[in-house]
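Engineer: Residues 155 to 666, numbered by the numbering used here, are exactly what the sequence shown covers, in order. Don't be surprised by glycine CBs; every beta carbon is placed ideally from N, CA and C.
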Amino acid sequence: MKKRDVIEAARPHYPEGQLLELEHAIDVTTEAHKGQKRRSGEPYIVHPLAVAKLLIDWEMDIDSVLAGILHDTVEDTDLTLERIETLFGQDVAFLVDGVTKVGQARAGMRDLESYLPQTKDNLSKLLIAIGRDVRVIIIKIADRLHNLQTLEHMPKEKQVKIARESLEVFAPMADRLGMGGPRMQIEELAFRYVDPKEFTRTQNLLKKRLGKSTRKLGKIRQEVEKRLAEEGVEFEINGRVKSVYSLWRKLQRVNGNIDDIYDLMALRIIVKNKHECYRTLGILHGMYQPMIHRIKDYIAVPKTNGYQSLHTTVITPNEQIVEFQVRSHAMHQYAEGGLAASFHYHEQKTADTYTKKKGHLEKLPSQLQWITQLQEIAGKLRRGEDVPREQLDIDLFGRRMFIYSPKGDIYNLPHGALPLDFAYLIHSDIGKYAASFKVNGKIHPFDKPLENGDMVEVITKKMPQAKRAWLDLVKTSHAKEKLRSQLKQMGLVETLTNAAAIMREKARRRKN
Ligand code: MN
């Protein structure tokens, strides 16, 4: 990777003035890292250049790209944050600072099994960084992806550690941001270090299977191309092969039987718009027999990270099973690039779109509401309040689901959330007065978790219903916090500080 490669990649995307800034940033960074080497023996600058190149490919704004170039300077060179601010402005300095702090926060978290007081500051840095500007995490994902691409040069022990953390933290984070492309790259690279044996075994299994079906699939593809052209559909078509890691994960679910997996290879059809997606699906079903339980409409009901497409699996006259994925260009862009791509399509890309500065984050699409919720946690940590470690895991790294209100509004909740969590998310008073729940039209027990796609109606009473026992019930920190302050007001619970003081006193007495 050379300076020239980065500038050339950037040229179609940014105006002349920004390209000059980029060149300037590269020169300053090259000078700062002068004499430093990567483990591969290459000059250090190849790493920041590669990170910037990824950010350009993901069509991030210029500030992110500049911060990508500069991301290791504050930690590893004499360049100061003040100097960066003078040269490239406050926003770039803010991003570089964020990336530096997230690095430190993760270093602090890595060695901790449990939630210890001294980690709180590191952890809060991480959360505040994400909460204030999600671009910090996107830069961090690019940084991690390039480090994985060059992981072969690391000592073995470090390889496994970095790879495992990538699978546990960075891949889910990319997934949560809807960045399907980077997520898959991280998983493929990391998996081969975490479990090389399983990686090779699964890869061989996949190769063997693909060899058989590739030629047959080519015929189907021609048939489909011909028919779509006849019908006047403008389209692109390509074959997508399942990644080794996702095949391996799926094999665990079907007890290792590869015959039960129908989407080893799929034909992906990209069309102009939503209407054309449904029309194409109709054409496909007119040509081949669909497997009825395998038709998935992720356009009407998107996946929780915002992914949209139509999936269908058909049986051809010579009994071949083929999966099709049909999506529009905008949906495809989102499926690959996630957050960055969504802004690209919906509005002009400015720094404000990503940051909280002007309240823009409240307008994030519903699949990204977790970022807003994160800001609440970040605020608590900033004020020095306690947030239990398990709670962070649920809110930050857990799976998410979409829940609908009767009016059709969509809310995003962590997996395992109860109807009460939903009620508190709509409004704290709806939670307080909630007497019972209907889920998909049927009465639903208080303690039974919701499932993705549920429509929830909260039935309220005139008298407050909130009670102490709910505190052990609710799953989200948002609901816990609102409920606790209501209970305090109603005199139903001692204030936290009192309770803590009593606990301490008890502990002291036990010791003596
Ligand atoms: Mn780096």
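For Q357, I'd like the list of residues in its chain whose CB is within less than 6 Å of its CB, leaving aside the five on either flank, ordered along the chain.
Structural biologist: Contacts found: V398.
Engineer: For E611, which residues from the same chain have a beta carbon less than 6 Å from its beta carbon, with the 5 sequence-adjacent residues on both sides left out?
Structural biologist: Only P560 and K592 meet the Cβ criterion.
Engineer: Could you tell me the distance, in whole angstroms, from the CA atom of V314 to the CA atom of V200?
Structural biologist: Roughly 23 Å between the two C-alpha positions.
Engineer: Answer yes or no: do I412 and Q443 have a C-beta to C-beta separation smaller than 7 Å?
Structural biologist: Not in contact: I412 and Q443 (Cβ atoms no closer than 7 Å).
Engineer: Starting from the C-beta of A588, find all residues in its chain whose C-beta is less than 7 Å away, skip the five residues before and the five after it, and write them out in chain order.
Structural biologist: So the qualifying residues of the chain are L574, A577, V612, T614 and Q619.
Engineer: Less than 6 Å between the CB of D181 and some heavy atom of ligand 1, yes or no?
Structural biologist: Checking the Cβ of D181 against ligand 1 gives no.
Engineer: Between the Cα of W402 and the Cα atoms of G645, D251, V160 and V348, which residue gives the shortest distance?
Structural biologist: Cα-wise, what sits closest to W402 is V348.
Engineer: Mind listing which residues have their beta carbon within less than 5 Å of any non-hydrogen atom of ligand 1? Chain order is fine.
Structural biologist: In chain order, the qualifying residues are D226 and D297.
Engineer: Going by DSSP in three states, Q172 sits in which element: helix, strand or coil?
Structural biologist: In this structure, Q172 counts as helix in the three-state DSSP scheme.
Engineer: Classify P309 as buried or exposed, calling it buried when 16 or more other Cβ atoms lie within 10 Å of its own Cβ.
Structural biologist: So P309 counts as exposed.
Engineer: At what residues does the beta strand (DSSP E) containing T614 begin and finish?
Structural biologist: V610 to T614 is the extent of the beta strand (DSSP E) around T614.
Engineer: With DSSP as the reference, label T434 as helix, strand or coil.
Structural biologist: The answer is helix: DSSP assigns T434 an H, G or I state.
Engineer: Where do the ends of the alpha helix (DSSP H) carrying A633 lie?
Structural biologist: From DSSP, the alpha helix (DSSP H) with A633 extends over S631 to Q643.
Engineer: Would you tell me roughly how many angstroms separate the C-alpha atoms of K634 and L299, rounded to the nearest one?
Structural biologist: Cα-Cα distance, rounded: 36 Å.
Engineer: Inspect the beta-carbon positions of R622 and L646 and report whether they are closer than 7 Å.
Structural biologist: Yes. Within cutoff.
Engineer: By DSSP's criteria, H465 is part of a beta bridge. Which residues make up the other side?
Structural biologist: According to DSSP, which records beta bridges pairwise, H465 is partnered with K450 and Q479.
Engineer: For N427, I'd like the list of residues in its chain whose CB is within less than 6 Å of its CB, leaving aside the five on either flank, ordered along the chain.
Structural biologist: Here the set comprises S482.
Engineer: If I measure Cβ to Cβ from I462 and keep anything under 6 Å in the same chain, skipping five residues before and after, which residues do I get?
Structural biologist: The sequence given here has Gln at residue 462, not Ile. Within the same chain, Q462 has close Cβ partners Y452, I453, P456 and M485.
Engineer: Give the list of continuous alpha helix (DSSP H) stretches no shorter than 4 residues that lie fully inside the segment 378-409.
Structural biologist: The segment 378-409 contains these whole alpha helix (DSSP H) runs: 398-407.
Engineer: Just to confirm the assignment: which complete beta strand (DSSP E) runs, minimum length 3, are found wholly within the segment 552-585?
Structural biologist: You should have 554-558 and 564-568.
Engineer: What's the call for I292, buried or exposed, on a 16-neighbour Cβ count within 10 Å?
Structural biologist: Answer is buried; the Cβ neighbour count reaches 16.
Engineer: DSSP three-state label for K191, please.
Structural biologist: Of the three classes helix, strand and coil, the one that applies to K191 here is strand, per DSSP.
Engineer: In chain order, what residues of the same chain lie with their CB nearer than 8 Å to the CB of H187, ignoring the 5 residues before and after it?
Structural biologist: These residues qualify, in order along the chain: P197, Y198, I199, P202, D226, T227, D230 and T231.
Engineer: Please tell me whether G332 and G222 are closer than 7 Å, where the distance is taken between their beta carbons.
Structural biologist: In this structure, G222 does not lie closer than 7 Å to G332 by Cβ.
Engineer: With distances taken between CB atoms, is the gap from L302 to S320 smaller than 7 Å?
Structural biologist: Going by C-beta atoms, L302 is nearer than 7 Å to S320.
Engineer: Note down the Cα distance separating P568 from I584, rounded to an integer number of angstroms.
Structural biologist: Their Cα atoms are separated by approximately 19 Å.
Engineer: Helix, strand or coil for R337? Go by DSSP, reduced to three states.
Structural biologist: Residue state, collapsed to three classes: helix.
Engineer: Taking the beta carbon of T240 as the centre, do at least 16 other beta carbons fall within 10 Å, making it buried, or is it exposed?
Structural biologist: Classification of T240: exposed, given that the 10 Å Cβ count is below 16.
Engineer: In angstroms, rounded to a whole number, what distance separates the CA positions of E516 and L173?
Structural biologist: Since pLDDT at E516 reaches only 40, below the 50 mark, its modelled position is unreliable, and the value read off the structure follows with that caveat. Cα to Cα, the separation comes out at about 31 Å.
Engineer: To the nearest whole angstrom, what separates the beta carbons of A420 and E477, a pair I think is in contact under 8 Å?
Structural biologist: So it is a contact: roughly 4 Å between Cβ atoms.
Engineer: Would you mind working out which of V395, I449 and K586 sits nearest Q643, comparing C-alpha positions?
Structural biologist: Among V395, I449 and K586, the Cα nearest to that of Q643 is on K586.
Engineer: Kindly indicate which three-state DSSP category I374 falls into: helix, strand or coil?
Structural biologist: Here I374 sits in helix by DSSP.
Engineer: Ignore the nearest five residues each way along the sequence and tell me which others in S194's own chain have a CB closer than 7 Å to its CB.
Structural biologist: Result list for S194: T304 and H307, in chain order.
Engineer: In angstroms with no decimal places, state the Cα-to-Cα distance between M263 and Q479.
Structural biologist: With a pLDDT of only 46 at M263, under 50, the local geometry of the prediction cannot be trusted, and the value read off the model is given with reservation. Answer to the nearest angstrom: the Cα atoms are 39 Å apart.
Engineer: Put I180 into one of helix, strand or coil per three-state DSSP.
Structural biologist: Correct three-state label for I180: helix.
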